[in-house]
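If you count by the working numbering, then the sequence shown holds residues 1085 to 1481, one letter each, in order.
Where is the CB? At the ideal position from N, CA and C, for every residue including glycine.
Worksheet: one structure, shown below.
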Amino acid sequence: MNTVLARELLCRKVASSLAAVRRSSVPSLACSVDTLASSFGGSLACRPSEGGRRQRGTARLRASSVLLPVAAVAAFAAAPPAESSASRQETAGALLQKGAVDAAPAVHLAKTITDAYKFDDADRVVVGTGNRSQVFTARHISTGQLVAVKQMSRRRSSQGQWEEEVRMMRAAQGHRNCIRLLDSMEDEAGDSFYIVMELAQGGELFRRLQSHGRFTEGEAARIMAEILQAVEHLHSQGVVHFDIKPENIILRHGDSMIPEVMLADFGSAFSKNHVTGSRDYTAAYSAPEVLLRSCAIDEKADIWSMGVLMYVLLSGRHPFDTHLHQDDEEVERRIVGKEPDYNAHAMRHVGPVAKDLLRRMMSKDRRQRPSAKEALSHAWFSAVAPLASDVECVAHC
């Protein structure tokens, strides 16, 4: 059999298997299988699933990054129609055991989170809370590894929100300064969705600011460089974080005077090319265009948030004195209508080069803000050497 004929037969087999999958209970696999088919020279078109949102009750193989080899597609398509969640889990589990499914992080096949993790009184410590979720520690049963688990209540979070957050975290993977996704699952026997992440021992940057006060320019430059690199990575993947603030930056270790930081909490993140629905945001760190809803939101909103973060790191205070104004409407009015005070008493230790970068990042005109890559090239990062001798936290004045 010549090569051309073999290729044609293979493409026909892929097309047949794909058609079967599209008729099955896992329509979200269609695009992934098309991607696989294209690597064999096929011409199958990738069609978005109808409605644009996955429905509850589909098989656990709905994670967008899962790719099935041809044999696995055929095996799954040939399986009898699944009548229950349990039987669907059995089918998916069998494919995994046979090595048919790619080992990339996927929606977990365990029926409940307690099948894979334990969080008794000795292991469970609440490390964060939000409007719709709680983050606590747990231990992987097989490996003994301590992890962080984000629990999202079904009463406050939809399946679509959970899946979107997992997708955004997948896009962030591969960068040291982005929190690492380990697992994700839904507990159909209970009322929650779960996202399992690496556990950072150092806690939130916000807590470090509370306990130690402002940072020197040297340490602030180190922190800013690491988060800007993470943001640059996100933006290169087409993702806007949309909620950069000290509470969402965590320290990898708790005993280091030079904190290595990671960007976390992708609950508000979205793809630049696909924005649907409303997004949660923190007014005190939001750009004017976000508050005014004056234009399409893009990665420049993250740059504004980074500017606010830098001001807080250097001064120990918010550039718009939000601690004096608890009312969100007043906070928004100040952000939209006023300029930060770069000559405030709390900024007296900050040099002119740092203030130049601050002015650029917090420009009211989003078009004047630098990209993350451009910000990293600013003279401040080379003028201020983030050395160990310059990293002690300075007492808040």
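Whole-angstrom Cβ separation of residue i and residue j, contact assumed at under 8 Å?
i, j, result
"isoleucine 1263", "methionine 1281", "5 Å"
"arginine 1298", "leucine 1398", "6 Å"
"alanine 1353", "valine 1324", "6 Å"
Drop a sphere of 10 angstroms on the beta-carbon of residue i, count the other beta-carbons inside from all chains shown, and report buried for 16 or more, exposed for fewer.
i, result
"threonine 1213", "exposed"
"aspartate 1327", "buried"
"serine 1378", "exposed"
"glutamate 1413", "exposed"
"histidine 1429", "exposed"
"aspartate 1349", "buried"
"alanine 1314", "buried"
"arginine 1450", "buried"
"lysine 1329", "buried"
In terms of DSSP beta bridges, what is residue i paired with?
i, result
"tyrosine 1278", "Gln1235, Met1269"
"arginine 1223", "Lys1202, Leu1230"
"glutamine 1218", "Thr1213, Gln1235"
"valine 1345", "Leu1335"
"glutamate 1423", "BP columns for glutamate 1423 are empty, so no partner."
"glutamate 1248", "Answer is none; glutamate 1248 lacks a bridge partner."
"cysteine 1262", "Leu1347"
I'd like the list of long-range same chain contacts for residue i, defined as Cβ closer than 7 Å, with 5 residues on each side in sequence excluded.
i, result
"valine 1420", "Pro1372, Leu1375, Leu1376"
"isoleucine 1225", "Ala1200, Tyr1201, Lys1202"
"alanine 1467", "Val1437"
"lysine 1448", "Pro1372"
Look up residue i in the DSSP assignment and say whether it is helix, strand or coil.
i, result
"methionine 1446", "coil"
"glutamate 1316", "helix"
"glutamate 1416", "helix"
"glutamate 1310", "helix"
"glutamate 1288", "strand"
"tyrosine 1365", "coil"
"leucine 1441", "helix"
"threonine 1406", "helix"
To which residues of the same chain is residue i closer than 8 Å at the C-beta, ignoring the five residues directly before and after it?
i, result
"glycine 1287", "Val1211, Ile1334, Leu1335, Gly1338"
"valine 1345", "Asn1261, Leu1289, Ile1307, Glu1310, Ile1311, Ile1333, Ile1334, Leu1335, Arg1336"
"valine 1233", "Ile1197, Tyr1201, Phe1203, Val1219, Phe1220, Thr1221, Ala1222, Tyr1278, Ile1279, Val1280, Met1281"
"histidine 1402", "Ala1368, Val1392, Tyr1395, Val1396"
Which residues in the same chain as residue i place their Cβ atom closer than 6 Å to its Cβ, once the five residues preceding and following it in sequence are excluded?
i, result
"valine 1250", "Ser1268"
"valine 1434", "Leu1398"
"arginine 1418", "Phe1404"
"tryptophan 1464", "Val1437, Ala1438, Leu1441"
"arginine 1444", "Pro1454"
"serine 1241", "Arg1216"
"aspartate 1474", "In this prediction, aspartate 1474 has a pLDDT of 44, which is less than 50 and means its spatial position is unreliable; nothing more can be read from the coordinates."
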